[in-house]
Each structure stands twice: as C-alpha cells, then as structure tokens.
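Numbering (full-length UniProt numbering), first residue to last: 121 to 434.
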Amino acid sequence: PLIDVLGAFYTHAEINEYLDSLPQRYPQRALVKHFGWSYERRPLKVLTITNGDGRANKPVIFIDAAMHAREWIAPSFALYIIQQLLDNYAENADLLKDYDWVIMPVVNADGYEFSHTDSRYWRKTRKPTWDPENIGTDLNRNFGYMWGLEDGASPDPSNETYQGEHAFDQPESQVVRDILLHYSDRLTFYLSLHSYGNYLLLPWGHTSSLPPNFDEMMQVADAGAMAILYATNGIYSYGSGYHLMYATSGDSTDYAVGVANVSVAITMELPAGGFMGFDPWVSHIEDIVTESWVGVRAMALEVIKLYQTEAQTN
Ligand code: 0X9
Ligand code: ZN
C-alpha cells in the first residue's frame with residue numbers, strides 16, 4: 121500500500137493523494153467523488169468501494185471521520201477500513217457482496233490541518249464566526265434536525281460546542297448532509313467515527329426519548345461490543361448518546377435518523393491514547409485499529425443480517 125496506516129498519522133493532503141491513487145489500482149472497485157470544498161477551499165473527497173460485480177443500487181454503509189479535528193485516530197481507522205475492504209478483499213468479501221461502502225476519512229479538513237500545523241487539540245472548523253475573537257463551529261452541532269436546543273449545543277462562538285449561526289452554515293456539514301440525503305433510500309448503516317471513550321452512541325442525542333428503531337440499533341451495537349470483548353477484552357458501553365454521555369443538539373446521527381431515514385446510525389468513540397486521549401502514540405495505532413475493525417465488521421454483518429432483502433436471500 122502507498123500509505124502505512126499503522127506507521128504514522130497523515131495530513132489531509134496526503135490522505136487525499138492516497139484516495140486519488142485507489143481508482144487506478146482498483147478500477148472496478150474504487151471510485152473517488154469530489155463532494156465539495158471546505159471553507160479554506162480544500163477538496164472534500166469521498167470514496168465508494170464495491171465488489172465490482174456491476175450491480176447498481178445496492179444498500180449502502182456510510183462511514184465518516186474527523187468531524188472533530190483533533191481526533192486523529194478516527195481518520196487513521198477509516199484508512200484502515202479502506203485497506204481491509206480493498207487490499208484484504210478475500211477476507212472481507214462477505215461485507216461487499218450485497219452492500220456498497222461509502223467512506224469519507226476527513227470531514228473537517230481545515231480543522232484537521234490546523235491541528236497538524238498550529239494547535240494539536242483544535243476541535244471545530246476554521247470558518248470565522250460573527251465574533252471576531254472566535255473562529256470555528258462544532259460540525260457535530262451544526263446539522264439541521266433539532267438544531268440549537270438549549271441543553272445540547274451552544275450559541276456562544278467561544279464555546280467548544282458552538283452550533284453555528286444557522287444549521288448547515290458550514291460547507292463541511294453540508295457535504296455530509298448531501299451524502300446522507302443522496303443515499304437516503306439505500307443507506308442502512310451510518311457510522312460516524314470519533315474519539316475518545318469506548319462508546320457506541322445511538323440517537324437520540326437531543327432528547328431522553330428513544331427513536332423508533334432503537335432496538336435494532338442496540339442489536340447492532342451489541343454485536344460490535346461483544347465481538348470486541350471476545351477478541352481483545354476491550355470494553356465498550358452502548359446506548360443512547362443522551363443517556364450515556366450528554367445531550368447533543370444538531371449532531372449528525374440524529375439528522376441521519378430524523379431526516380435522512382437511515383436505519384442504523386452510530387457514533388463510535390474510539391479508545392483513548394496519549395496525553396490527552398486524542399493523541400495516541402503511533403505505536404498504539406495498530407492495537408486500536410485492529411480491535412476497532414473487529415467491532416465494525418461485526419456491526420456491519422449484523423446490519424446485513426438484520427436488513428436482509430428478498431433479493432439477497434434468493
Ligand atoms: O460531542 C460529540 O460531538 C461527540 N463526542 S466527542 O467527544 N467526539 O466530541 C458525541 C456525539 C454523539 N453523542 C451524543 N448524542 N450524546
Ligand atoms: Zn468527536
């Protein structure tokens with residue numbers, strides 16, 4: 121592979137260059153789409169992986185990462201998933217037989233870059249706010265479903281969970297919205313990769329009540345958590361984000377379920393590492409991504425089983 125995922129963290133430009141190299145290596149199986157631009161005009165790229173059988177309109181699994189800039193292990197894990205599905209296809213053909221995977225390794229491109237060059241623990245975007253003293257919006261409070269509620273986000277630009285002036289006033293959340301809506305009819309599973317804390321957080325974030333298909337989502341989370349427990353003794357908690365962590369208003373998984381009609385939406389908080397939790401040592405990457413892959417694989421298989429269609433059983 122052109123990128124040693126286990127050996128380093130990579131910049132946004134390096135990740136884009138890697139994504140762009142994939143269609144040449146896998147002409148039948150990898151497709152890169154340019155879905156939009158960040159505020160600072162970085163190209164936001166999205167990779168589609170298929171098994172190359174030419175069947176159109178399969179159900180879709182969508183994974184995004186680095187909505188929060190400093191959570192570097194998340195894009196690294198997205199790259200590891202890409203390599204499992206492309207380079208290690210023989211072991212993972214079951215995941216692509218009836219599903220296409222859509223992967224966006226870096227949502228918050230400007231913030232991610234800023235966390236490499238200027239400020240390691242930057243979280244938000246880099247678009248100025250109405251307040252000249254404060255730059256950046258929390259993308260995971262900027263989605264247009266139950267946006268701006270009092271106890272799940274902040275209207276104050278100095279806050280780390282600043283919601284923006286309006287829902288979707290950030291180009292990066294617009295791109296994720298557009299993907300969710302574009303694949304809406306066939307999007308069975310949306311997984312948003314974050315760090316840290318070993319959680320599988322389900323909607324809702326904005327209220328203590330539960331969404332209609334909460335039981336199915338719990339079944340998927342349970343499959344993931346148990347697979348990780350058996351494989352490595354890794355311990356994940358799972359349940360509604362509101363109950364397990366804290367209230368969030370305008371997060372992407374609430375939008376996925378509330379508006380885009382996605383069946384299963386999960387925020388995966390990967391394990392902590394390093395000094396601050398967000399900065400695992402390079403030597404720790406392999407343990408985290410291999411363990412996490414066991415969980416994602418199990419969740420995907422559970423989704424595939426749970427939402428099996430007539431066409432697939434024939
Ligand atoms: O606060 C967030 O956006 C996520 N946690 S993080 O530490 N990565 O910032 C959690 C989002 C989903 N959680 C809830 N719905 N509570
Ligand atoms: Zn996060």
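Glycine included, every Cβ here is placed at the ideal spot set by N, Cα and C.
None of the values given here were measured: they were computed from a predicted structure.
Annotation for M187 indicates a beta carbon within 7 Å of some heavy atom of the ligand ZN. Counting C-beta atoms within 10 angstroms of its own C-beta, H154 has fewer than 16 neighbours from the protein chains shown and is therefore classed as exposed. Between K244 and Y159, the CB-CB gap reaches or exceeds 8 Å. In this structure, G370 keeps its C-beta atom at 8 Å or more from the C-beta atom of Q294.
When rounded, the separation of the alpha-carbon atoms in D220 and S312 is 17 Å. The criterion of a C-beta distance shorter than 8 Å is not satisfied by V226 and P277.
Check the Cα spacing between N208 and each of P252, R417, L426: the tightest is with R417.
Bounds of the alpha helix (DSSP H) holding E292 are 291 to 302. The beta-carbon distance between Y358 and Y319, rounded to whole angstroms, is 7 Å. This is short enough to meet the 8 Å contact definition.
Taking the C-beta atoms as reference points, I223 is found nearer than 8 Å to I202. DSSP, read as helix, strand or coil, puts D407 in helix. Beta-bridge partners assigned by DSSP to L311: I183, I386. Where I223 is concerned, the enclosing beta strand (DSSP E) starts and stops at 220 to 224. In the DSSP assignment, L164 falls within the unbroken beta strand (DSSP E) covering 163 to 169.
If you check the CB distance, W324 and S383 do not come in under 8 Å.
Boundaries of the alpha helix (DSSP H) harbouring G378: 372 to 378, taken from the DSSP string. Look at H404: its beta carbon is at least 7 Å from all of the heavy atoms in the ligand ZN. Between A343 and E422, the CB-CB gap stays under 8 Å. Taking C-beta atoms as the reference points, R190 and R261 fail to come closer than 8 Å. Around the CB of A287, 16 or more other CB atoms lie within 10 Å, so the residue is classed as buried. For F234, the uninterrupted alpha helix (DSSP H) run begins and ends at 229 to 237, by DSSP.
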